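Participant: If you're matching them up, the sequences are chains A and B in order.
Each residue of the first sequence is one higher than the one before, counting from 1 in our numbering.
Each residue of the second sequence is one higher than the one before, counting from 1 in our numbering.
Glycine included, C-beta positions come from ideal geometry on N, C-alpha and C.
None of these values were measured; they are calculated from a predicted model.
Let me begin by handing over the structure; questions about it come next.
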Amino acid sequence: MEEKKFEPKIAAFVCNWCTYTGADLAGTSRLKYAPNIKMIRVPCTGRIDPVFIIKAFEKGADGVLISGCHPNDCHYNTGNFHARRRWILFKELLDFVGIDSTRLHFSWVSASEGKKFVDVVTEVVETVKNQGKFEKYAKINEEFFIHE
Amino acid sequence: MNELKEKAKELLQNGTVKVIIGFAQGTIPNRTKPFIVRSVEDAEKLVFNKYCVNNLAMYLTRKEFKRNGVVGIVAKGCDVKAIVQLIQENQVKKDDVYIIGMNCSGVVSELGEEFNESTVATKCLHCMVHTPHLHHTLLGSLEETPKREDKNFVLMQKIDSMTAEERFDFWEAEFERCVKCYACRQACPMCYCEKCIADKSIPRWIESSAHTRGNFAWNMIRAFHLAGRCVGCNECERACPAEIPLSLLNRKMGMTANKEFDYIPGMNLNTPTLVGTYDVNDREDFIK
C-alpha cells in the first residue's frame with residue numbers, strides 16, 4: 001500500500017483589497033493552486049497582529065503565509081509599511097524562541113496578480129512539504145488535556 | 001545623601017511638586033524600597049545608594065499618581081530612559097514630571113546582596129547613561145563601574161548558535177516554569193495598557209492557564225510588545241519568581257531594533273517611536 005503523503009496545513013492571512021481579490025482572480029481565471037492553504041481575510045496587512053501568527057502555529061499550522069498589497073498600493077495608504085516594520089522584528093523573535101521563521105512566508109500580491117498568487121502558494125506549499133510537519137509545537141498540544 | 005533630602009524638602013516647600021517618588025531604607029541591610037514622599041518630614045527618609053534597583057518610572061503611568069499634578073521622581077539613567085520613552089509615547093506629559101537625576105555608577109543585581117564586582121547588574125555593564133540624559137536637577141557623583149563578564153550575552157550567543165529545535169527545547173524548559181503571575185507585566189514601566197491582551201477573553205488570544213503552550217504565546221507577545229520600546233531596566237526578570245531569563249528576549253529585540261533601524265529606545269524625546277512610524281525604504285528582502 002502506498003504510504004500516505006504528508007499534506008501540510010498552511011494558514012494564510014491575506015489583505016482584503018489586494019491578495020484576496022488576487023486569489024479571487026486566480027479562481028475566476030480557472031487557475032489551480034494547492035488546497036493546503038486556509039485563507040483568512042483581514043482588512044489590511046496592518047491588521048495582522050503577530051498574535052495571529054502565534055495562534056496559527058499554536059493550533060497546529062505547519063506554515064503561515066502573509067500577503068498584502070505592494071508598497072504604496074495600500075488601501076489605507078500606510079498599513080503595509082507599518083506591518084513590514086513589525087515583521088522584521090517579529091521574524092527575529094520567532095527565530096530566537098526556536099520557531100523556524102522559514103515557515104513564515106511573506107508576499108506582496110496585487111489584485112491583478114492572480115498568476116503570482118498561484119506561484120506563491122505553490123512555492124510555499126512545496127517548501128513546507130519539504131520541511132515536514134512542525135512537530136515541536138504540536139507535541140505541546142498533544143499533552144494539553146483540555147480541549148476547547 | 002543629604003543633598004537629595006535637601007532638594008526634596010525644597011521642592012515640597014516651594015510647591016514645585018506635591019509628591020516625590022524615591023527610595024527609602026528597606027527592612028534589612030543592602031535593601032531599599034520604593035517610597036512615596038508627601039511631606040517635608042518624610043523627605044528625611046529618602047536614600048540613594050547602590051541598592052536602589054527599582055525602576056520607579058513604573059509608577060508614573062498609574063492613575064493614583066496622575067492626579068497629583070507634577071510628580072517628582074528620583075531617577076537613575078535607566079529610569080530616565082523609561083521616562084523619556086513614556087513621554088515619547090504620550091503617556092506622561094513632559095511638564096508633569098520633575099526628574100531628580102542621580103548619577104549612578106551601577107546597582108546590585110539582586111537585592112540583599114553586597115555590591116561588588118561579581119554582583120553588579122548586567123544592565124550596568126553596558127550603560128550609556130550613568131549621568132541621566134534628561135533631568136531637572138542632577139545630584140550625586142560618579143565612580144567607576146565594576147567590570148565583569150557579561151554572562152547574559154554569552155548565553156545569548158550560545159542560543160544563537162543552536163539549531164531551531166534546540167532553541168525551542170531551551171525555551172520550552174524555561175517557559176514551562178512560568179506560572180502566569182504577570183509579575184513581569186506589573187514591574188514593567190512600559191506595560192501600561194488599561195486592558196492587556198492577555199486579559200482579553202473575546203476572543204482569548206493567550207491561554208490563561210499556565211500551560212507551556214499558552215506560556216509560549218504570552219512570553220513571545222510580551223517580548224514583542226516591548227520591541228523597540230524596552231529600555232532594558234530588567235525589572236521583569238528581577239520580578240519573575242520562576243527565574244525565566246526574560247532579559248534575553250528583550251535584549252534580542254533591542255539588538256534587532258538597533259541593527260535594523262539604528263534605534264535605541266528612550267534616548268531622544270523628539271524622535272517618533274520605532275513601531276509607531278515607518279520608513280518607505282525599510283528592508284523587504286524577505287518578502288516575495
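Taking buried to mean at least 16 other C-beta atoms within 10 Å of its own C-beta, is THR32/B buried or exposed?
Facilitator: Against the second sequence, residue 32/B aligns to sequence position 32. Flag for THR32/B reads buried.
Participant: Cβ closer than 9 Å: which chain A residues qualify as neighbours of ALA227/B?
Facilitator: Counting from one through the second sequence, the residue named residue 227/B turns up at place 227. Neighbours of ALA227/B on chain A, chain order: ARG86, LEU89, PHE90, GLU92 and LEU93.
Participant: Do LEU226/B and CYS188/B have their C-beta atoms closer together than 9 Å?
Facilitator: One-based indexing of the second sequence puts residue 226/B at position 226. One-based indexing of the second sequence puts residue 188/B at position 188. Against a cut-off of 9 Å, the Cβ pair of CYS188/B and LEU226/B comes out as a contact.
Participant: For TRP218/B, name the three-state secondary structure that DSSP assigns.
Facilitator: By one-based count along the second sequence, residue 218/B stands at place 218. Looking at TRP218/B - three-state DSSP - the assignment turns out to be helix.
Participant: Please confirm whether CYS236/B and CYS78/B have their CB atoms less than 9 Å apart.
Facilitator: For this step, residue 236/B is matched to residue 236 along the second sequence. For this step, residue 78/B is matched to residue 78 along the second sequence. It is not a contact, given that the beta carbons lie outside the stated cut-off.
Participant: Any beta carbon of chain A sitting closer than 9 Å to that of ILE20/B?
Facilitator: What you label residue 20/B is simply residue 20 of the second sequence in a count that begins at 1. Not closer than 9 Å to any Cβ of chain A, the Cβ of ILE20/B fails to qualify, so no.
Participant: Do HIS133/B and ASN103/B have their beta-carbon atoms positioned less than 9 Å apart in this structure?
Facilitator: By one-based count along the second sequence, residue 103/B stands at place 103. By one-based count along the second sequence, residue 133/B stands at place 133. Cβ distance not < 9 Å, so ASN103/B and HIS133/B don't count as in contact.
Participant: Report the residue ranges of all alpha helix (DSSP H) runs contained in full by the region 165-253 of chain B; include only those spanning at least 4 residues, in chain order.
Facilitator: Qualifying alpha helix (DSSP H) stretches, in chain order: 183-187, 212-225 and 235-239.
Participant: Can a CB atom of chain B be found closer than 9 Å to the CB of LYS133/A?
Facilitator: Within the first sequence, residue 133/A is the residue found at index 133, counting from 1. Chain B, which has no Cβ nearer than 9 Å to the Cβ of LYS133/A, makes this no.
Participant: Considering only the alpha carbon of each residue, which of LYS18/B, PHE168/B, LYS9/B and VAL231/B lies closest to GLU64/B?
Facilitator: If you number the second sequence from 1, residue 64/B lands on position 64. Cα-wise, what sits closest to GLU64/B is LYS18/B.
Participant: Alpha carbon to alpha carbon, how far is LYS288/B from PHE168/B? Give it in angstroms, no decimals.
Facilitator: For this step, residue 168/B is matched to residue 168 along the second sequence. For this step, residue 288/B is matched to residue 288 along the second sequence. Distance between the alpha carbons of PHE168/B and LYS288/B: 27 Å.
Participant: Grab the span of the beta strand (DSSP E) containing PRO34/B for me, first residue to last.
Facilitator: Numbered from 1 along the second sequence, position 34 holds the residue referred to as residue 34/B. Element bounds for PRO34/B: 32-37.
Participant: Less than 7 Å between C-beta atoms, sequence neighbours within five positions excluded: which residues of the same chain meet that for GLU172/B?
Facilitator: Taking the first residue of the second sequence as 1, we reach residue 172/B at position 172. The residues are THR212.
Participant: What separation, rounded to the nearest whole angstrom, lies between the Cα atoms of ILE53/A and VAL64/A?
Facilitator: Position 53 of the first sequence, counting from 1, holds the residue named residue 53/A. Position 64 of the first sequence, counting from 1, holds the residue named residue 64/A. Cα to Cα, ILE53/A sits roughly 7 Å from VAL64/A.
Participant: Helix, strand or coil, according to DSSP, for LYS101/A in the structure here?
Facilitator: Sequence index remark: in the first sequence, residue 101/A carries index 101 (1-based). The sequence given here has Ser at residue 101/A, not Lys. The answer is helix: DSSP assigns SER101/A an H, G or I state.
Participant: Tell me the start and end of each unbroken beta strand (DSSP E) in the region 106-155 of chain B that is at least 3 residues and wholly inside, in chain order.
Facilitator: Those beta strand (DSSP E) runs which fall completely within the region 106-155 of chain B and span 3+ residues are 137-139.
Participant: By the 9 Å beta-carbon criterion, what residues does the region 241-254 of chain B contribute toward chain A?
Facilitator: So the list reads LEU248, LEU249, LYS252 and MET253, given in the order they occur along the chain.
Participant: For the alpha helix (DSSP H) that contains GLY63/A, what are its first and last residues?
Facilitator: Along the first sequence, one-based indexing puts residue 63/A at 63. Here GLY63/A belongs to no alpha helix (DSSP H); instead the beta strand (DSSP E) covers 63-68.
Participant: For GLU58/A versus PHE216/B, is the C-beta distance shorter than 9 Å?
Facilitator: As a working mapping, residue 58/A is identified with position 58 in the first sequence. As a working mapping, residue 216/B is identified with position 216 in the second sequence. Contact: yes.
Participant: Please confirm whether ARG167/B has its beta-carbon closer than 9 Å to some beta-carbon of chain A.
Facilitator: Within the second sequence, numbered from 1, the residue matching residue 167/B stands at position 167. Chain A contact via Cβ: present.
Participant: Where does LYS115/A sit, in a helix, a strand or coil, going by DSSP?
Facilitator: Along the first sequence, read from residue 1 onward, the residue named residue 115/A stands at position 115. Residue state, collapsed to three classes: helix.
Participant: Let's see if you can read the secondary structure: which residues bound the alpha helix (DSSP H) around CYS78/B?
Facilitator: On the second sequence, residue 78/B is found 78 positions in, with the first residue counted as 1. Taken as a continuous stretch (DSSP letters only), the alpha helix (DSSP H) holding CYS78/B covers 77-88.
Participant: Are the region 69-85 of chain B and the region 6-21 of chain B in contact at 8 Å, needing three or more beta carbon pairs?
Facilitator: Yes: at least three Cβ pairs fall under 8 Å.
Participant: Answer with yes or no whether the minimum CB distance from THR78/A to chain B is below 9 Å.
Facilitator: Here residue 78/A refers to the residue found at position 78 when the first sequence is read from its first residue. Closer than 9 Å to some Cβ of chain B, the Cβ of THR78/A qualifies, so yes.
Participant: Would you report the Cα separation of GLU144/B and SER105/B, rounded to the nearest angstrom?
Facilitator: Start at 1 with the first residue of the second sequence, and residue 144/B comes out as number 144. Start at 1 with the first residue of the second sequence, and residue 105/B comes out as number 105. Looking at the two C-alpha atoms, the distance is approximately 6 Å.
Participant: Helix or strand or just coil, what does DSSP make of ILE53/A?
Facilitator: Taking the first residue of the first sequence as position 1, residue 53/A is located at position 53. ILE53/A falls in the helix class under three-state DSSP.
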